[in-house]
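K.L.:
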Amino acid sequence: MPELPEVETTRRGIAPSLEGRRVEAVRVFDPRLRWPVPAELAGALAGQRIEAVRRRAKYLLLETAGGTLILHLGMSGSLRVSDPETPRRRHDHLEIRLDSGRCLRLHDPRRFGAALWTREPPAEHPLLAPLGPEPLGEGFDGAYLRRVGRGRRQAIKPFIMNNRIVVGVGNIYANEALFRAGIHPRRAAGRISARRMEALVEAIRAVLAAAIEQGGTTLRDFLREDGQPGYFRQRLEVYERGGEPCPRCTATIRQALIGQRSSYYCPRCQR
DNA sequence: CAACGGACCTGCCTGC
DNA sequence: TGCAGGCAGGTCCGTT
Numbered sequence: 023m024p025e026l027p028e029v030e031t032t033r034r035g036i037a038p039s040l041e042g043r044r045v046e047a048v049r050v051f052d053p054r055l056r057w058p059v060p061a062e063l064a065g066a067l068a069g070q071r072i073e074a075v076r077r078r079a080k081y082l083l084l085e086t087a088g089g090t091l092i093l094h095l096g097m098s099g100s101l102r103v104s105d106p107e108t109p110r111r112r113h114d115h116l117e118i119r120l121d122s123g124r125c126l127r128l129h130d131p132r133r134f135g136a137a138l139w140t141r142e143p144p145a146e147h148p149l150l151a152p153l154g155p156e157p158l159g160e161g162f163d164g165a166y167l168r169r170v171g172r173g174r175r176q177a178i179k180p181f182i183m184n185n186r187i188v189v190g191v192g193n194i195y196a197n198e199a200l201f202r203a204g205i206h207p208r209r210a211a212g213r214i215s216a217r218r219m220e221a222l223v224e225a226i227r228a229v230l231a232a233a234i235e236q237g238g239t240t241l242r243d244f245l246r247e248d249g250q251p252g253y254f255r256q257r258l259e260v261y262e263r264g265g266e267p268c269p270r271c272t273a274t275i276r277q278a279l280i281g282q283r284s285s286y287y288c289p290r291c292q293r
């Protein structure tokens, strides 16, 4: 479910309830996530004060003086701040009780998500260390993308979805950014001019920023931590619109599998 | 190395 | 109605 805008929306939603609070207890109802939830997590996190809730790529980082809880929402994960008295839902796998009397619950039907603990600086964790630049940060520009794409024959769409190249661009926003930039999703990454690569970078930034502003995209089940949906879905121009007219030129939008993922594009506008 | 397919899971929808 | 099959927002890992 969540791409960068949904994770960032979640971060902004939960941070005010977490920052500055002390963890009173941690309960793991089902440790079978993508990797087993470490047995030491509950003991290590209990008693710690949450100093900051940060995001790196699609990872959420709950930082304390004793270590960092690394959370990933996978395809179907979500976080809710709730009253501990509220009955647990099916697929609520982890609960963190706070000294405010509230609790944070991780809900994840498909269990592709993760909850890990590290005492090292999180940037050095093996999962985070190899990640490419943040798309909305410094260090991500046309010159960079052109340089790392040089000589690559891989299609541009899976290329920008590779988190060693740039993080946070999932299937929805890859489709949308390529449409905005007028680039065909199958075009080889190494065969895009500097000018068009710059346009692609700007399109990625613009679509992610706009989606964050709208609270993310709710397709099926993504809900913000307050239970509200994100409103970016109505702004999607090609995603899940196969067979509809292109909003720019009225040609019929195509759907095809590229790199195993559903891809949507206008065969006339995108070259 | 780059590129690709498989794997991990549940839920939901479609079509027979 | 039941059941098989396909698909879903991610990404690691093993193989070519």
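Here the first sequence is numbered in this note's numbering, starting from 23 and rising by one per residue.
Cβ coordinates follow ideal geometry from the N, Cα and C atoms, glycine included.
Quick caveat, the model's predicted, so the values are computed rather than measured.
Could you check where the alpha helix (DSSP H) with Thr32 kicks off and where it finishes?
P.N.:
Start and end: Leu26 to Leu40.
K.L.:
In terms of DSSP beta bridges, what is Arg276 paired with?
P.N.:
Per DSSP, Tyr287.
K.L.:
Tell me whether Arg175 is buried or exposed, calling it buried when 16 or more other Cβ atoms sit within 10 Å of its Cβ.
P.N.:
Result: exposed.
K.L.:
Which one of Gly89, Val59 and Arg54 has the shortest CA to CA distance from Gly69?
P.N.:
Of the listed residues, the one whose Cα sits closest to Gly69 is Gly89.
K.L.:
Within 10 angstroms of its Cβ, does Glu62 collect 16 or more other Cβ (buried), or is it exposed?
P.N.:
Looking at its Cβ environment, which holds fewer than 16 other Cβ atoms inside 10 Å, Glu62 is exposed.
K.L.:
Using only the alpha-carbon positions, how far apart do Ser104 and Arg127 sit?
P.N.:
Cα to Cα, the separation comes out at about 7 Å.
K.L.:
Among Pro148, Pro60 and Pro157, which one has its Cα closest to the Cα of Ile234?
P.N.:
Among Pro148, Pro60 and Pro157, the Cα nearest to that of Ile234 belongs to Pro157.
K.L.:
What does a CB cutoff of less than 8 Å around Ile275 pick up in its chain, not counting 5 residues either side in sequence?
P.N.:
Within the same chain, Ile275 has close Cβ partners Val260, Arg263, Gly264, Gly265, Glu266, Pro267, Cys268, Tyr286, Tyr287 and Cys288.
K.L.:
In the structure shown, what three-state DSSP assignment does Pro157 receive?
P.N.:
Three-state result, Pro157: coil.
K.L.:
Throw me the rounded Cβ distance for the Leu245 and Ser100 pair, which I believe falls under 8 Å.
P.N.:
Right, the Cβ-Cβ distance comes to about 6 Å (below 8 Å), so this counts as a contact.
K.L.:
Could you check if Glu146 is buried or exposed, using at least 16 other CB atoms within 10 Å of its CB as the buried criterion?
P.N.:
Classification of Glu146: exposed, given that the 10 Å Cβ count is below 16.
K.L.:
Are the beta-carbon atoms of Val229 and Ala199 separated by less than 8 Å?
P.N.:
Going by C-beta atoms, Val229 is nearer than 8 Å to Ala199.
K.L.:
State yes or no: is the C-beta of Arg186 within less than 8 Å of the C-beta of Gly154?
P.N.:
The answer is yes: Cβ separation under 8 Å.
K.L.:
Please classify Pro267: does DSSP put it in a helix, a strand, or coil?
P.N.:
In the structure shown, Pro267 sits in a strand (DSSP, three-state: E or B).
K.L.:
I believe Gln64 touches Val50 by the beta-carbon criterion, under 8 Å. Please report the beta-carbon distance rounded to the nearest angstrom.
P.N.:
Per the sequence presented here, residue 64 reads as Ala, with Gln not at that position. Confirmed, about 6 Å.
K.L.:
What does a CB cutoff of less than 6 Å around Met183 pick up in its chain, not counting 5 residues either side in sequence?
P.N.:
The answer, listed in chain order, is Val191 and Ala196.
K.L.:
Out of Arg124, Ala79, Glu107 and Ala87, point me to the one whose CA is closest to Leu40's CA.
P.N.:
For the residues Arg124, Ala79, Glu107 and Ala87, the minimum Cα distance to Leu40 belongs to Arg124.
K.L.:
Is any non-hydrogen atom of the ligand MN found closer than 7 Å to the C-beta of Gln70, if you look at the structure I gave you?
P.N.:
No copy of the ligand MN occurs in the structure displayed, which carries no ligand at all.
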